[in-house]
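Just below is one structure, and these are the notes that go with it.
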């Protein structure tokens, strides 16, 4: 062996058989371990090379790169090189099954013929790498040679390059010659996994590889436990984004990457990813289903073009399903319905379809029927093709076939197909005319009309399946491509001119338009820092460029552009219209703000954030935790606009506020895990509101003379009650200059300062209009400050005369209980000041109770419910409204506040 060559060191890249639970195939160009010298890959920290299509660190071979070579630690692939040694090109092994190891699991030295074959393999590697646009490691550290790779750098030591590598496509890096392990696997792969996603289908150097018409920006939304993340995991598998299926109940789901999500089996924060299907790029946001995290759904829907709404076929339309449906209506998001869990006991597709009508007020268009249900569920009837799609249950659902419709379903299928066609032909005069003449539309026309009706919200297509049993997901992906809109099919995004808010500015979905985007999420990353998620509505965005935050009038520099896959990330050079991208390096931008071209400013519509309804006191256990807690709370508040915190210096406590007990529990847990803060947490408290019940008008004069220039301000303010949910409004009726215009901002500021601290118990004031009616001023002594202080005095007097009252959050509660415990449940709800609205039935002898209950009475309700029903009942709740607090409770709260103040 050439000992001189043994002094060279570098990376061994594992490119042998890529195997997963579906088809198996091996790479002909780069079998075995391929050597790349240290000049191109030299790092001192631990990084990861990802094998196959899966790029999560928990599934990749772990590598620790040193100047002397590559030390492979045992990873999920099970291969081990147990000792550290220098490697060179000639010591490259080519055995695709057990490369570079012998029976003792240590480094094996190949013989002469193997070394010659290794030389050939490495030269082929050089050619493939030269053709590739990139290779990237997990942490984003990248290197690219200053000129194209050739054979020479692999044989002769050269200087270390300085420019960067980025990730390339599988086809570019590995070549196009895929040799399948068997003809059966090849046929299966080509039939059912021909839609493998390729990272390189993203734009390179601003050149769009996927037409904007083939973009789909979608979200998956539903009630908790309806199967959102499970469905997303199947989508990632069937599209080739992941090489194996992650399960929520096992804590291995790709999209549930937080430790709390994996432990609890629920989604807490929305996660974004990108995949490809039938040459279409699909950007997906998986959203939480728990009511405490409804903000995540709100801000996801704000930037999406379409959505999949999942329903549990047993439970039907549940309370949170109604909430997310209304949120989608608010933003005009076209959607597809997917009735999931058809394999469960009690599954009923047709009852769920009826509930979509009664509970959501929607018009469902059934385009699939289930073949069987519960244990006998095996497929669906496609009413567009009038064929049955049957899954064999093998190959993790990757194998399915089209068959004739079963005889017992032919009549039902024909009836629903007729209903479908009658609904869709109403959208096209020619199709209607042909249908009346007895000519049914063909398949392409049917799809075209379903798409038209879905985008216009004339109806919502309804499909069915079982994501957990791997049935129905591929047709759902086809429906996303066929029926949900691309960015160019939606109206141009409208905004306003920062200099003239009355002027409407439009941004069409085009790369040629000036750049505009909306920041919809902030996430802290351990390695990168703060990441700002942005939906690009128009134009292009490059790393290193400057953009304008038009809400604040500040310029921001884009440090890095990152394409996210849950919590992993890929550097990209350019973001184009329609992309959902994460930006590193922004300092002043928060959720809901607009980023745009500095030369073409625009302010897009902001999002509405719900106010917190619950709060707890929190204090660090040690002095060392004080600063860490402050840092953690600031970062968490930046990420989550529904989370607030404040410091009460009088009682030396920090108060955190959120949307529910679980929300605050997660916040405290994240403080402990991510920021190493040990804290004591108090009992939950309700966030009450204050308002008024009648009109009052007060005249207040602020006058202070203490020698020299004094203070003088005279104002008359009228306070008026407003409708629930109106918030606060200021209006000026000053005429003739009784109060000069330059002093009115002082009045506005003084009143706004008081609105956060009501006169009864110090809670925020809502649903009040303050009208500045009259006033006077002094030429010398009047000032903005004087009018600000006068406004404070007017607020205190006026609120007391206006019939102040307290409001409390009222929750809509749904309890599902066995019939034998129904009486106990109703009695307990009544004792909690609950108002019973309705009763219902569910399969299995269960009863459903809908009630309105004050939040103050619902703390620790889950323990009480489990006790009285022996753990057989469950409940959900969400905010319904704010209502007046009974007088005796209001007196108690006011007295308690006075005692604390004293």
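In my numbering, the protein residues as written are 215 to 1116. Glycine included, each C-beta is placed from N, C-alpha and C at the ideal position. All values derive from a computational prediction rather than experimental measurement.
Which term fits residue i, buried or exposed, when burial requires 16 or more other beta carbons within 10 angstroms of its beta carbon?
i            : result
residue 612  : buried
residue 645  : buried
residue 771  : exposed
residue 839  : buried
residue 1105 : exposed
residue 582  : buried
residue 540  : exposed
residue 904  : buried
residue 1096 : buried
residue 497  : buried
residue 902  : buried
residue 456  : buried
residue 991  : buried
residue 447  : buried
residue 784  : buried
residue 317  : The predicted position of residue 317 is uncertain, since its pLDDT is 36 and thus under 50; a value taken from the coordinates is nonetheless stated next. Looking at its Cβ environment, which holds fewer than 16 other Cβ atoms inside 10 Å, residue 317 is exposed.
residue 1059 : exposed
residue 580  : buried
residue 537  : buried
residue 615  : exposed
residue 512  : buried
residue 777  : buried
Below 8 angstroms on the Cβ atoms is my guess for residue i versus residue j; work out the distance and round it to an integer in Å.
i            : j            : result
residue 896  : residue 830  : 5 angstroms
residue 557  : residue 680  : 4 angstroms
residue 1068 : residue 1024 : 6 angstroms
residue 947  : residue 985  : 6 angstroms
residue 811  : residue 705  : With a Cβ gap of about 21 angstroms, residue 811 and residue 705 do not count as contacting.
residue 576  : residue 547  : Wrong, their Cβ atoms sit about 13 angstroms apart, outside the cutoff.
residue 893  : residue 843  : 6 angstroms
Given the structure, does residue i come close to the ligand GDP, in the sense that its CB is under 7 angstroms from one of the ligand's heavy atoms?
i           : result
residue 555 : What this structure holds is no ligand at all, so the ligand GDP is not there to describe.
Of the choices the options, whose alpha-carbon is the least far from that of residue i?
i            : options             : result
residue 730  : 717, 740, 749       : 749
residue 1021 : 584, 1092, 1103     : 1103
residue 742  : 691, 796, 711       : 796
residue 562  : 590, 549, 508, 707  : 590
residue 518  : 628, 454, 698       : 698
residue 670  : 690, 650, 689, 640  : 640
residue 443  : 916, 428, 484       : 484
residue 915  : 1007, 909, 973, 891 : 1007
residue 732  : 847, 559, 821, 525  : 821
residue 906  : 668, 606, 1014      : 1014
residue 898  : 978, 909, 875       : 875
residue 454  : 427, 694, 493, 1109 : 493
residue 780  : 811, 1009, 487      : 487
residue 909  : 668, 983, 847       : 983
residue 617  : 600, 626, 628, 630  : 600
residue 665  : 649, 1048, 638      : 638
residue 452  : 489, 501, 625, 427  : 489
residue 1043 : 722, 769, 1028, 740 : 1028
residue 769  : 1050, 807, 719, 740 : 807
residue 1032 : 1088, 1049, 1046    : 1088
Any idea which residues DSSP pairs residue i with across the strands?
i            : result
residue 551  : 523, 676
residue 762  : 769, 810
residue 697  : Per DSSP, none; premise fails for residue 697.
residue 1061 : 1031, 1055
residue 833  : 894
residue 752  : 730
residue 910  : 933
residue 494  : 491
Inter-stretch contact at 8 angstroms, needing at least 3 Cβ pairs: the stretch 874-886 / the stretch 960-971:
Of all C-beta pairs linking the stretch 874-886 to the stretch 960-971, fewer than three are shorter than 8 angstroms, placing the two stretches out of contact.
Is there contact between the stretch 555-571 and the stretch 654-673, where contact requires at least three CB pairs shorter than 8 angstroms?
Put simply, the stretch 555-571 does not touch the stretch 654-673. Fewer than three CB pairs are less than 8 angstroms apart.
The stretch 1083-1093 / the stretch 424-436 touching (three or more Cβ pairs under 8 angstroms)
Counting C-beta pairs closer than 8 angstroms gives fewer than three between the stretch 1083-1093 and the stretch 424-436, which falls short of the contact rule.
Touching or not, the stretch 680-693 and the stretch 497-509, by the rule of three or more beta carbon pairs under 8 angstroms?
The answer is no - the stretch 497-509 does not touch the stretch 680-693, with fewer than three Cβ pairs under 8 angstroms.
Check whether the stretch 803-813 and the stretch 753-769 touch, using three or more Cβ-Cβ pairs below 8 angstroms as the test.
Contact holds: three or more Cβ-Cβ distances are below 8 angstroms.
Three or more C-beta pairs under 8 angstroms: does that hold for the stretch 614-621 against the stretch 708-717?
No contact exists between the stretch 614-621 and the stretch 708-717.
When you compare the stretch 982-999 with the stretch 917-932, are there three or more beta-carbon pairs, one atom per stretch, that lie closer than 8 angstroms?
Yes, since at least three Cβ pairs between the stretch 982-999 and the stretch 917-932 fall closer than 8 angstroms, the two stretches touch.
Take every Cβ of the stretch 627-636, pair it with every Cβ of the stretch 534-554, and state whether three or more of those distances are shorter than 8 angstroms.
Contact between the stretch 627-636 and the stretch 534-554 is absent, because fewer than three Cβ pairs lie under 8 angstroms.
Does the stretch 752-763 come close enough to the stretch 781-795 to have 3 or more Cβ pairs within less than 8 angstroms?
In short, these stretches touch, since the Cβ pair count reaches three.
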